[in-house]
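In mature numbering (1 follows the signal peptide of the UniProt record, and there is no 0), the protein residues as written are -26 to -1, 1 to 376.
Every residue gets a Cβ at the ideal spot worked out from N, C-alpha and C, and that includes glycine.
Predicted model, so just to flag it, every value in this text is computed and none were measured.
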Amino acid sequence: MTTLMTRRTLLASGVATLAAPSILRAQEGDIAIGSLTPNTGGGGPFGPNITASHKRVADAVNAAGGILGRQIRLYQENSETNPETAVRAADKLINVNQVLAIIGTWSSSVTLGIMPKCQSAGVIQMCTSSSSDIPVADEKGLVFNFQPLSPIWGRAIADLVLSRSIESYALMALNNDFTRSMMDGFIEKVGEDALVQKPFYYNAGQSSYRSEVTQLIEKAPEAVFIPSYVTDFTAVYKELYRQGYAGVVITTSLSTGDQFKEAVGAAGDGIIHGFPVPALNSPAYKQYLDEAGLEDTGSVQHPFGTAGRDQMSALLLAIEKAGTADRAAVARAVWDVTTGEGKTAVYNVADGLAALRAGEEINYSGASGSLEFDEEGMVLGRDFQLSEIRDGKDVVLQRLEY
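1) From this set, LEU354, MET89, TRP127 and LYS260, which residue's C-alpha is nearest ASN322's C-alpha?
2) For LEU136, does the count of other Cβ atoms within 10 angstroms reach 16, so buried, or fall short, so exposed?
3) As a quick exercise: from LEU374, ASP133, VAL117 and ASP151, pick the residue whose alpha carbon is nearest that of SER81.
4) Just checking GLY87 against the ligand ADP - is the residue's beta carbon closer than 7 Å to any of the ligand's heavy atoms?
5) Which whole-angstrom value is the C-beta distance of MET352 and PRO109, which I expect to be below 8 Å?
6) Compare the beta carbon distance of GLY355 and SER344 with 8 Å and say whether it is the shorter of the two.
7) Alpha carbon to alpha carbon, how far is ALA292 from VAL210?
8) Excluding sequence positions up to five away, which residues of its chain have a Cβ less than 8 Å from the Cβ of LEU330?
9) Can you give the beta carbon distance from ALA130 to PHE278, rounded, assuming they're within the 8 Å contact cut?
10) Just reading off the beta strand (DSSP E) that PHE120 is part of, what are its end residues?
11) Between the alpha carbons of SER124 and THR153, how many angstroms are there, rounded?
12) Excluding the 5 residues preceding and the 5 following ILE(-4) in the sequence, name in chain order all residues of the same chain whose CB lies nearer than 6 Å to its CB.
13) Label VAL370 either buried or exposed according to how many other C-beta atoms from any shown protein chain fall within 10 Å of its C-beta, with 16 as the threshold for buried.
14) Classify GLN121: buried if its beta carbon has 16 or more other beta carbons within 10 angstroms, exposed otherwise.
15) Could you tell me the alpha carbon to alpha carbon distance between VAL223 and SER202, rounded to whole angstroms?
16) DSSP on SER229, reduced to helix/strand/coil?
17) Run through DSSP, which three-state label would TYR338 get?
18) When the Cβ atoms of the segment 65 to 84 are set against those of the segment 188 to 196, are three or more pairs found closer than 8 Å?
19) Identify which residue in THR11, GLY78, PRO57 and ASP4 has its Cα closest to the Cα of ARG44.
20) Less than 8 Å between the CB atoms is what I'm expecting for TYR219 and ALA241, so what's the real figure, rounded?
21) State the beta-bridge partners of ALA281 as determined by DSSP.
22) Could you spell out where the alpha helix (DSSP H) holding GLN189 opens and where it closes?
23) How long is the line joining the alpha carbons of SER182 and THR55, rounded to whole angstroms?
24) Take LYS29 and list the residues in its own chain whose beta-carbon comes closer than 7 Å to its own, dropping the five residues that flank it on each side.
25) Quick one: grab the DSSP three-state call for GLY43.
26) Excluding the 5 residues preceding and the 5 following SER27 in the sequence, name in chain order all residues of the same chain whose CB lies nearer than 6 Å to its CB.
27) On the criterion of 16 or more Cβ atoms from any shown chain inside 10 Å, does LEU374 qualify as buried, or is it exposed?
28) Whose C-beta lies closer than 8 Å to the C-beta of LEU360 among residues of the same chain, with five residues either side of it excluded?
29) Kindly indicate which residue of LYS91, GLY87, MET157 and ALA60 has the alpha-carbon position closest to the one of GLY69.
30) With respect to the beta strand (DSSP E) encompassing GLN359, which residues constitute its N-terminal and C-terminal limits?
31) To which residues does DSSP link ASP368 through a beta bridge?
32) Between THR79 and GLN50, how many whole angstroms is the CB-CB distance? I'm expecting something under 8 Å.
33) CB GLY87 to CB VAL117, shorter than 8 Å?
34) Could you check where the beta strand (DSSP E) with VAL198 kicks off and where it finishes?
35) What are the complete alpha helix (DSSP H) segments, minimum 4 residues, inside the segment 233 to 302?
36) Given LEU327, which residues of its chain have a CB within under 6 Å of its CB, disregarding the five upstream and five downstream residues?
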């Protein structure tokens, strides 16, 4: 028996353990969905776009008559990119709002932090988190991750920078679930022999990063790799600049958005950064730009907003496919509407609903990328992009499919 069958069997067996009143409540009235997004904190540059995407999809479906004759009721909470805040919000969403799913969590620490409550209640999770601990902690087949796991980030970024003939590296990272496993993937590709010292970690919110930066560059590596979030990377990079480091600085694109560029100005030129990106020529991505009121610039826009669209779309299509708002049945149906060959390709929720109602099997292909999930609910395949900051703008150096 495959892992997928085991997870689906667990889901099926879990239905019988639910109390009858809970089942009845789940089938009456509005369908409650929780949106838990990082509107402030380290994920603040991305959370509002995720939130807006959830609302746009839900509003469009409601305007067209809803799902199974019922309206979607969206409950929005701000995680603040903080696990403790997120756990309190999840408790409210689960126990007060009685949500079918909590979607939109961004940081791995938040996704993992709320998982025990979601697992206990049988609540579906949809996230853009990358810790390798996520599929391990999901014992009930309820978690669907719309981002590659962070070891894949590390390997992909390393593959992209290896073409630049850099021979020595020093590594330090923010101490969290996301960055620790990313470091492992990066080292796997560049090789331990290329490291001038043992990698180490720092904590967010330190008053100073002087000693950490001194340690990072003391052996004069040709390049440093610092996976992090924008809030801490800004402070770390300013210290690198003060100490006169002249080598190549590599990080994730999460750390180098407008907030960072405004904070460091021209000093940020030369930084190399990478992350997974949407397929810019896909029909779903182009539709997302129209829906969000964005012009097609040929550059990546709203990488996490696109995932928000895909989360809500996949969830609503799964409800329609399941023919019920029962949580376990909907979780099983997520694979049915996103994964597998020989199905009708759809790029938005409206076309997907129409196809399902016509009796067709569908494969929803998303704005953030192709949504093929493995047996653990982790997304398969994603384009990665490496860019360099030049004159305060991101210039794409290379893309690859990973």
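According to the structure shown:
1) Here the closest residue by C-alpha is LYS260.
2) An exposed status is given to LEU136, since fewer than 16 other beta-carbon atoms sit within 10 Å of its beta-carbon.
3) For SER81, the nearest C-alpha among the options comes from ASP151.
4) No copy of the ligand ADP occurs in the structure displayed, which carries no ligand at all.
5) About 6 Å; that satisfies the 8 Å criterion.
6) Yes, they are a contact pair.
7) Going by C-alpha positions, ALA292 is about 43 Å away from VAL210.
8) Cβ neighbours of LEU330 within its own chain (closer than 8 Å, five residues either side excluded): LEU291, GLU294, LYS295, VAL311 and ILE336.
9) Here ALA130 is actually not in contact with PHE278; their C-beta atoms are around 17 Å apart, not less than 8 Å.
10) Bounds of any beta strand (DSSP E) do not take in PHE120, whose DSSP letter is neither H nor E.
11) Taking the straight line from one Cα to the other gives about 7 Å.
12) The predicted position of ILE(-4) is uncertain, since its pLDDT is 44 and thus under 50; a value taken from the coordinates is nonetheless stated next. Closer than 6 Å at the Cβ level, and outside the excluded window around ILE(-4), lies no residue.
13) VAL370 should be labelled exposed.
14) With 16 or more other Cβ atoms within 10 Å, it is buried.
15) The straight-line gap from Cα to Cα measures roughly 12 Å.
16) SER229: helix per DSSP, three-state reduction.
17) Three-state result, TYR338: strand.
18) Touching, no, given that fewer than three Cβ pairs across the two stretches are closer than 8 Å.
19) Of THR11, GLY78, PRO57 and ASP4, the residue nearest in Cα terms is ASP4.
20) Going by Cβ atoms, the distance from TYR219 to ALA241 rounds to 11 Å, so no, they are not a contact pair.
21) The beta-bridge partner set that DSSP reports for ALA281 is empty.
22) Boundaries of the alpha helix (DSSP H) harbouring GLN189: 184 to 191, taken from the DSSP string.
23) SER182 and THR55 have their C-alpha atoms some 21 Å from each other.
24) Residues of the same chain with a CB within less than 7 Å of the CB of LYS29, apart from the 5 flanking positions on each side, are LEU48 in chain order.
25) It is coil, neither helix nor strand.
26) GLY279, GLY282 and ARG283.
27) Exposed, because fewer than 16 other Cβ atoms sit within 10 Å of the Cβ of LEU374.
28) So the qualifying residues of the chain are ILE131, LEU134, VAL135, ILE246, HIS247, GLY248, VAL370, LEU371, GLN372 and ARG373.
29) Note that residue 69 is Asn in the sequence shown here, rather than Gly. Minimum Cα distance to ASN69 is reached at LYS91.
30) Note, GLN359: beta strand (DSSP E), 357 to 364.
31) DSSP output for ASP368 lists ILE363 as bridge partner(s).
32) Contact doesn't hold; Cβ gap of about 13 Å is too wide.
33) Not in contact: GLY87 and VAL117 (Cβ atoms no closer than 8 Å).
34) Run containing VAL198: 197 to 199, per the beta strand (DSSP E) assignment.
35) Within the segment 233 to 302, the complete alpha helix (DSSP H) runs of at least 4 residues are 257 to 266 and 277 to 296.
36) Counting only Cβ-Cβ distances below 6 Å, and skipping sequence neighbours, we find GLU294.
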